[in-house]
Amino acid sequence: MSTTHTNNNAPTLKRTLGPLMLWGLGVGYVISGMYFGWNLGLEKGGTLGLAVATFFIILLYLTFSFCYAELACAIPKAGGAFDYAMRGLGKNWGFLGGMAQNIEFIFAPPAIAFAIGAYLNIFLPSVPILAIAIVAYFIFTAINIYGIEAAASFELFITIIAIIGLLLFAGTSLPHFEWQNLEKNALPNGWSGAFAALPFAIWFFLAIEGVANVAEETINPQKNILIGFGSAIITLVILCLLTFSSAVGVDGWETVVFPSAGAAASDSPLPLAMIKTVGSEHMLYKAVAFIGLFGLIASFHGIILAAGRATFEFGRVGYAPKGLGKVHQRFQTPMNALLFNMVVGIIALLTGKTGEIITIACFGALTLYIISMIALISLRRNEPDLERPFKVPFYPLTPMIALVIASVAFLAISIYNPFLLMVYLGLLLVSYGVFRVSRK
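Everything in the sequence shown is counted per our numbering, starting at 9 for the first residue and increasing by one.
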C-alpha cells in the first residue's frame, strides 16, 4: 500500500535508479566542495576554527541525513522537503520549506558554473569565463532533459573520476604530512572565526539531500534511498577528513589559501598544496588539477538534476505556474522546470557575486534542514501509523541534534552576513506573498 497521497492524473516520472546510481548522485552533488571553496574558511577561522566548524557540520549532516532518509523512505516524492513539510506541518510551512529548497538548489549551481568557467579559462584564455559558464548551463541542462538514466549514469562516471582525483591528491600529500603544520597560526581570529567559517564547512556537504528528490525515479525507494543516502554521507565524511588533513598538513593553512604573500584568497587549495610536494610541472599535479574539473562538473550537473525535481513538484501541486509541473512526453523528465532553473541560474551568474550566491544557498539549505526536522517530529507524533521502512535510530535525540546545530549555524551566518540575510528573507517573503494571493 502506498504511503503517499497520489493523484492518478498527475504527471509521473520514470523509475530507473538503483542504489549505486543514488550513491553516485549523493557523492556527486557534493564533491566539488572538496576541490574548491572550503579553504576560504581557513582565512576566517584558521585550521582549528575551520576544524571545529567542520566537526559540528559533520555531526549535523550525519544526523540530518539519516533523519531525511526516514522521511524520503516514508514519503518518496520528488519534492523532498516540500512534500515532508506539507504532510507534517501544513501548506504554509510546506511552501516555505519548498521555497528554501528551491533557493538552495537554484543558487548553488551558478557559483559552481563560475568555477568551471574560471578553470577552463586557464586552457582557453581567449574565451571569457562567463561565456564558458553559460555554455556549461546549456550542455548539462540538455543532458538532464534527455533522460534521468543517462544523466545519472554520466553523474556516476564523473563522480568516480573525481574521487580518484582526491585519492591521488591524498596519496601525494600524506607522505609530507606533519602534525606541527596543523598548529601553525591555528586560531588567527579567535573562536569567533569558527562561527565565520561555518558556511565554508557547510560547503563540504551542501546539497546531499538532493538524493531524496529522485525518490520518484528510484526502483524500490523504500529500501534503496536509505542505502544510497547512507553510503554517500559516509563516503563524503571520509573524503572530507582526508582532504582537509592532507592539504593543511603539508605546510599549514596559509599555503592552501594564498598563492603568494599578499595575494587574494585562491579557490584552488589542492594544487597549492601539491606545488609544495611535487611542484607544478609534475604529472600528478597536472592530473589532479585536470580531474578537479570533473569534481566541479559532478556537483554542477547533479544539483541541476535535483533542482529540476524540486521545481517540478512545486509546479505539479500548483504552488508555482502549472507549466513547471509538466513532464516531457518523450523523455519523461521535467523539461520546463529544468529550463526555468537554467534561466534563473544564468541571471544569478551575471551578477558575478559568487561568494554571496554561495551564502544565500547556505541560508536555503539550513532553513530546509530546520523545517524538515520539525516535520519529522510532527509526523512521528501525528501519524504514528505511517509506514516507515526505515526509522532513524536514537529518536528523538538524532533530529534534535540536527535541529539545534542547523539553528545555531543559521544564526551565526546571519550575524556575519546581515545584508545577505535580508536578501534571502526578501526572496522568501515576496514569493510567499505571491503564493498567498494566487491561492486566494
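A virtual CB, placed ideally from N, CA and C, is assigned to each residue, including glycine. Every value quoted in this text rests on a predicted model; they were computed, and no experiment measured them.
Look at the Cβ atom of residue i, then the Cβ atom of residue j, and state whether they are nearer than 7 Å.
| i | j | result |
| --- | --- | --- |
| SER386 | THR285 | no |
| GLY310 | GLU163 | yes |
| PHE213 | TYR69 | yes |
| ALA356 | ALA223 | no |
| ALA240 | TRP31 | yes |
| GLY49 | ALA209 | yes |
| VAL265 | ASN47 | yes |
| ALA410 | MET430 | no |
| ILE142 | ALA126 | no |
Candidates the options: which alpha carbon is nearest residue i's?
| i | options | result |
| --- | --- | --- |
| ARG396 | LEU67, ALA77 and LEU249 | ALA77 |
| VAL171 | VAL35, TRP211, ALA93 and ASN228 | Note on residue identity: the sequence assigns Ile, not Val, to residue 171. Residue VAL35 is the option with its Cα nearest to ILE171. |
| PHE339 | ILE130, TYR377, VAL445 and GLU225 | GLU225 |
| LEU313 | PRO27, ALA345, THR251 and PRO133 | ALA345 |
| VAL325 | SER253, TRP31 and ALA86 | ALA86 |
| PRO342 | ALA159, ALA205, VAL296 and GLY173 | ALA159 |
| TYR440 | TRP101, ARG95, SER161 and MET94 | TRP101 |
| VAL351 | PHE115, ARG95 and ILE66 | PHE115 |
| LEU33 | GLU217, LYS330, GLY287 and LEU429 | GLU217 |
| LEU384 | TYR403, ALA369 and CYS370 | TYR403 |
| CYS370 | VAL335, GLY333 and ILE421 | ILE421 |
| ILE378 | GLY173, PHE418, PHE148 and GLY323 | PHE418 |
| VAL442 | MET408, MET107 and GLU157 | MET107 |
| PHE308 | ARG388, THR167 and ILE130 | THR167 |
| GLY330 | THR243, GLY238, ALA255 and SER446 | Residue identity check: residue 330 is Lys in the sequence provided, not Gly. Taking only the C-alpha atoms, the option nearest LYS330 is SER446. |
| LYS361 | GLY323, VAL335, GLN337 and LEU428 | LEU428 |
| THR71 | SER161, ALA139 and GLY238 | GLY238 |
| ASN110 | GLY323, THR359 and GLY201 | GLY323 |
| GLY201 | THR62, THR359 and VAL438 | THR62 |
Expressed to the nearest angstrom, what Euclidean distance is found between the alpha-carbon atoms of residue i and residue j?
| i | j | result |
| --- | --- | --- |
| ARG23 | GLU289 | 46 Å |
| ASN15 | GLU51 | In this prediction, ASN15 has a pLDDT of 48, which is less than 50 and means its spatial position is unreliable; what the coordinates show is noted afterwards. Going from the Cα of ASN15 to the Cα of GLU51 covers about 51 Å. |
| LEU234 | VAL60 | 28 Å |
| PHE44 | GLY198 | 24 Å |
| GLY179 | ASN349 | 38 Å |
| ILE151 | MET291 | 32 Å |
| GLY260 | LEU436 | 40 Å |
| CYS248 | ALA194 | 19 Å |
| LEU7 | ALA82 | This structure cannot speak to residue 7, because the chain is shown only from 9 to 448. |
| GLY316 | LYS192 | 44 Å |
| GLU364 | GLY353 | 14 Å |
| THR12 | GLY88 | Confidence at THR12 is low in this model, with a pLDDT of 38, below 50, so its placement is unreliable and the value that follows should be read with caution. The alpha-carbon atoms of THR12 and GLY88 are separated by roughly 12 Å. |
| GLY236 | LYS294 | 32 Å |
| GLY26 | TYR154 | 19 Å |
| LEU28 | GLU186 | 36 Å |
| GLY257 | ASN189 | 5 Å |
| ARG444 | TYR92 | 20 Å |
| ALA220 | GLY333 | 18 Å |
| LEU97 | PHE148 | 35 Å |
| ALA215 | ILE65 | 13 Å |
| ALA255 | ALA272 | 19 Å |
| GLU262 | SER274 | 10 Å |
| PRO196 | LEU174 | 28 Å |
| TRP211 | LEU67 | 14 Å |
| SER10 | PHE398 | Because SER10 carries a pLDDT of 32, less than 50, the predicted location of this residue cannot be relied on, and the following value inherits that uncertainty. So the alpha carbons of these two residues sit roughly 15 Å apart. |
| PHE165 | ILE156 | 14 Å |
| PRO84 | LEU128 | 38 Å |
| PHE146 | LYS99 | 34 Å |
| THR359 | ARG388 | 43 Å |
| HIS184 | SER276 | 19 Å |
| PRO267 | MET94 | 48 Å |
| ILE169 | THR251 | 16 Å |
| ILE242 | SER161 | 21 Å |
| GLN337 | ALA144 | 25 Å |
| GLY105 | LEU347 | 22 Å |
| GLY287 | SER253 | 19 Å |
| ILE140 | SER134 | 11 Å |
| PHE103 | GLY434 | 15 Å |
Whole-angstrom Cβ separation of residue i and residue j, contact assumed at under 8 Å?
| i | j | result |
| --- | --- | --- |
| THR367 | PRO117 | Rounded, the Cβ-Cβ distance is 15 Å, inconsistent with contact. |
| GLU321 | PHE90 | 6 Å |
| THR406 | PHE74 | 7 Å |
| ALA297 | PRO279 | 5 Å |
| PHE177 | MET282 | 7 Å |
| ALA204 | TYR424 | 5 Å |
Does any residue of chain D have a CB that is nearer than 7 Å to the CB of residue i?
| i | result |
| --- | --- |
| ARG388 | The structure shown contains no chain D, having only a single protein chain. |
Item checked: Three or more C-beta pairs below 8 Å linking the stretch 412-424 and the stretch 119-126 -> no
Note to self: Could you check whether the stretch 292-308 touches the stretch 26-40, counting it as contact only if at least three pairs of C-beta atoms, one from each stretch, sit closer than 8 Å?
What the structure shows: yes
Note to self: Does the contact criterion of 3 or more C-beta pairs under 8 Å hold for the stretch 53-60 versus the stretch 216-232?
What the structure shows: no
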